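In our numbering, the protein residues as written are 2 to 737. In what follows, a structure is listed as structure tokens, so that the remarks can point back to it.
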């Protein structure tokens with residue numbers, strides 16, 4: 002070739018070709034065919050270069066080292082997927098998606114794998130659990146503290162604050178207690194307000210004493226003896242049916258605030274409210290009657306409220322009085338009396354003869370001195386509603402006891418879900434006053450709506466804040482009510498499903514449950530609640546008592562319209578008789594109105610109405626028995642009259658036999674046959690019934706295998722109605 006004799010020029014040309022071969026085939030992309038080409042090319046190039054030099058052996062070794070030298074592999078060329086686009090991917094064992102339409106996946110016909118379901122973990126608590134949660138709030142708490150207690154992120158609280166119109170600068174800004182409550186209600190949690198007396202003027206206050214005990218044990222009479230009045234004589238039926246609050250000036254010069262609670266079983270909620278607001282509980286027990294059910298209930302309310310008890314054994318002037326027996330009964334129920342090494346004082350008194358009243362006063366003042374009762378005097382007031390009613394001329398009125406602070410006329414207050422501006426404050430004697438101090442029972446006027454007994458009264462600084470708090474509480478109350486209703490419906494559906502599953506094999510049909518719809522009207526809010534709870538206790542498996550509405554005040558035309566719409570009747574308690582126009586409208590619409598002033602009469606009347614409306618249960622009972630003395634057989638009868646007939650000659654030994662009833666044949670005490678009576682005759686005359694001691698002839702349809710000595714029972718279907726049962730303590734129930 003020409004380049005062999007070209008000297009250095011040919012040598013450089015051969016080297017250039019050799020380097021080109023090296024750079025082309027020393028990368029990581031060399032395949033098997035390329036390696037074979039390199040193996041064929043390198044010896045040829047080496048031979049060509051050897052001819053250009055005298056020392057061929059040395060040049061051969063140099064060129065071989067040059068061609069066999071490997072530079073570092075470039076990593077971005079080493080990916081099989083990248084090289085597969087230039088070469089054949091199948092040769093590398095790769096599957097590359099071709100351009101074009103996607104292929105449909107083939108359906109897997111194999112059965113699914115059975116595995117237990119594992120629910121995902123929730124990031125935050127559910128709303129239902131939040132509604133049952135109660136957080137404590139106080140004045141000046143920060144956004145961080147509020148979010149931590151409510152269990153929500155800080156941005157959630159900040160967003161709510163912006164929605165209610167509050168300026169948010171920092172998450173450590175202090176919040177007022179009203180704004181904290183608004184945010185907590187918006188989140189869905191319940192709140193409990195904490196008030197501090199730091200920096201306030203704290204002074205001693207009179208004790209609040211609640212008188213509790215069984216019905217007709219002399220609670221109101223004892224209070225009348227203390228304050229020289231005669232309230233018990235004015236009560237309807239001679240029993241207390243309302244919660245009363247008044248201040249009594251004692252002979253020593255001290256004053257005590259008393260709460261008089263009813264003793265009837267229907268007023269349990271009133272007794273519970275009295276124990277919640279009181280400092281001391283006076284447990285009145287009659288010396289001639291002993292410990293009764295409401296006595297035990299009063300003890301449980303006092304223990305639940307962690308309130309000390311002073312026992313007053315009343316009616317010690319009666320001949321049948323036995324105070325020692327009462328003390329033993331109280332000790333048996335767990336009261337640690339002073340005479341037995343405990344700390345509970347026992348005083349023997351008599352409301353009639355007014356004996357022992359000074360000792361009772363001394364015991365109450367001693368207990369109050371040991372408790373060192375003090376309250377904050379300045380600042381916004383905190384009060385507790387013990388009763389609420391509607392006055393025709395003054396509107397909604399709330400009887401309250403101030404717990405701390407001073408309640409001033411003209412302040413904006415929020416009472417439960419209602420709000421208003423105090424227009425007037427009156428004491429229990431009806432005298433107007435401009436302010437109320439701690440432990441003072443007052444009646445406030447000026448609320449926009451009727452609050453519930455047991456609500457707290459809080460003072461706010463503006464009407465706007467009062468409106469916001471009232472709206473937020475109403476919204477949360479309605480939300481909680483709907484939630485409870487949905488939970489009750491779900492529970493009822495589950496119970497009905499379980500009952501259906503249990504009754505699949507049962508053939509006997511249960512009686513249908515009917516509904517009795519009632520509208521309750523009373524003079525005060527606490528009485529409405531007490532009457533409603535008492536009527537709901539009359540609920541039975543046969544009659545469902547549905548209280549569609551409960552209101553305070555006299556019966557109005559709207560109550561009659563509501564009763565007509567839902568098919569209810571109206572029950573009024575301690576309210577005036579409705580005017581003639583309302584009675585005429587109710588009679589025209591077929592609405593019953595029942596007015597009562599004594600709780601005993603009301604519950605008895607409604608209980609009898611429930612018994613009348615109940616469908617009852619049909620039961621089979623034996624109305625008579627007869628013994629077979631002889632058997633007569635009639636033969637040779639015509640085809641028109643039928644086949645031969647066997648007649649059982651019987652004598653009625655108990656009750657009577659009725660022709661229309663079912664007959665049961667007993668032989669040696671075992672039931673042989675049951676069937677209807679085809680014929681019943683006495684002295685050859687068809688009769689409908691045969692009494693005890695008479696003889697008769699009896700034919701049972703589809704049965705003629707009689708034997709002398711068999712007993713025939715007459716079975717009768719009887720509709721058994723439920724019974725209204727009232728106990729001595731006043732508790733009532735319907736027994737089916």
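Glycine residues also receive a C-beta, built at the ideal position from the N, C-alpha and C atoms. Bear in mind the structure is a predicted one, so any value in this text is a computation, not a measurement.
Of all C-beta pairs linking the stretch 346-354 to the stretch 415-424, fewer than three are shorter than 8 Å, placing the two stretches out of contact. Within the stretch 145-221, the beta strand (DSSP E) runs of at least 3 residues that lie entirely inside it are, in chain order, 191-195, 203-205, 209-214. Taken atom to atom, the span from the alpha-carbon of residue 533 to that of residue 402 is near 25 Å. Beyond the five residues adjoining it in sequence on each side, residue 629 comes within less than 8 Å, by CB distance, of 649, 650, 651, 707, 708, 709, 710, 711, 712, 713 in the same chain, given in chain order. Sequence-distant partners of residue 436 (beyond 5 residues in either direction) whose C-beta falls short of 6 Å from its own C-beta, in its chain, are 407, 409. Straight-line spacing of the CA atoms in residue 719 and residue 607 works out to 24 Å. In the three-state scheme derived from DSSP, where H, G and I count as helix and E and B as strand, residue 517 is classed as strand. Note on the stretch 297-349: whole beta strand (DSSP E) runs with a minimum of 3 residues are 310-315, 347-349, in chain order. Bounds of the beta strand (DSSP E) holding residue 696 are 696-701. At the C-beta level, residue 249 and residue 291 stay beyond 8 Å of one another.
Here the C-alpha atom of residue 224 lies approximately 33 Å from the C-alpha atom of residue 196. With respect to residue 464, residue 413 sits close: the two C-beta atoms are nearer than 8 Å. Judged by DSSP in its simplified three-state form, residue 471 adopts helix. By the criterion of a C-beta distance shorter than 8 Å, residue 636 is surrounded in its chain by 645, once the five residues flanking it on both sides are discounted.
Pairwise C-beta distances place the stretch 455-463 out of contact with the stretch 429-443, as fewer than three of them are shorter than 8 Å. Using a Cβ-Cβ distance cut-off of 8 Å, the stretch 150-165 and the stretch 183-202 are in contact, since at least three pairs of beta carbons, one from each stretch, lie closer than that value. Close CB contacts of residue 139 within its chain, under the 6 Å cut and outside five residues either way in sequence, are with 195 (chain order). Residue pairing from DSSP places residue 421 in a beta bridge opposite 414, 448. Of the candidates 206, 169, 142, 209, the residue whose Cα lies closest to the Cα of residue 176 is 142. For residue 610, the enclosing alpha helix (DSSP H) starts and ends at 600-614.
For residue 541, the closest C-alpha among the options 570, 296, 585, 734 is that of 734. Ranking 684, 556, 553, 535 by CA distance to the CA of residue 546 puts 535 first.
Of the other Cβ atoms in all chains shown, 16 or more fall within 10 Å of the Cβ of residue 259; this residue is therefore buried. In the DSSP assignment, residue 537 falls within the unbroken alpha helix (DSSP H) covering 526-537. By the Cβ criterion, the stretch 354-370 is in contact with the stretch 304-319, since at least three pairs of Cβ atoms, one from each stretch, lie closer than 8 Å. Cβ-Cβ distances below 6 Å link residue 619 to 718, 720 in the same chain, with the five nearest sequence neighbours on each side left out; the list follows chain order. Taking the CA atoms as reference points, residue 539 sits about 44 Å from residue 688. Inter-segment contact for the stretch 598-606 and the stretch 695-707 is absent: fewer than three beta-carbon pairs are separated by less than 8 Å.
Assigned with DSSP and collapsed to three states, residue 576 falls in coil, not helix or strand. The beta carbons of residue 386 and residue 452 sit closer together than 8 Å. The shortest CA-to-CA distance from residue 324 to any of 285, 475, 556 is the one to 285. In this model, residue 210 and residue 299 are separated by some 13 Å (Cα to Cα).
Counting only unbroken stretches of 3 or more residues, the beta strand (DSSP E) elements lying wholly within the stretch 354-414 are 375-377, 383-392, 396-405, in sequence order. With respect to the 8 Å criterion, residue 572 and residue 521 are classified as neighbours on the basis of their beta carbons. By the neighbour-count criterion, in which a residue is buried when 16 or more other Cβ atoms sit within 10 angstroms of its Cβ, residue 204 is exposed. Nearest in C-alpha terms to residue 245, of all of 548, 656, 614, 442, is 442.
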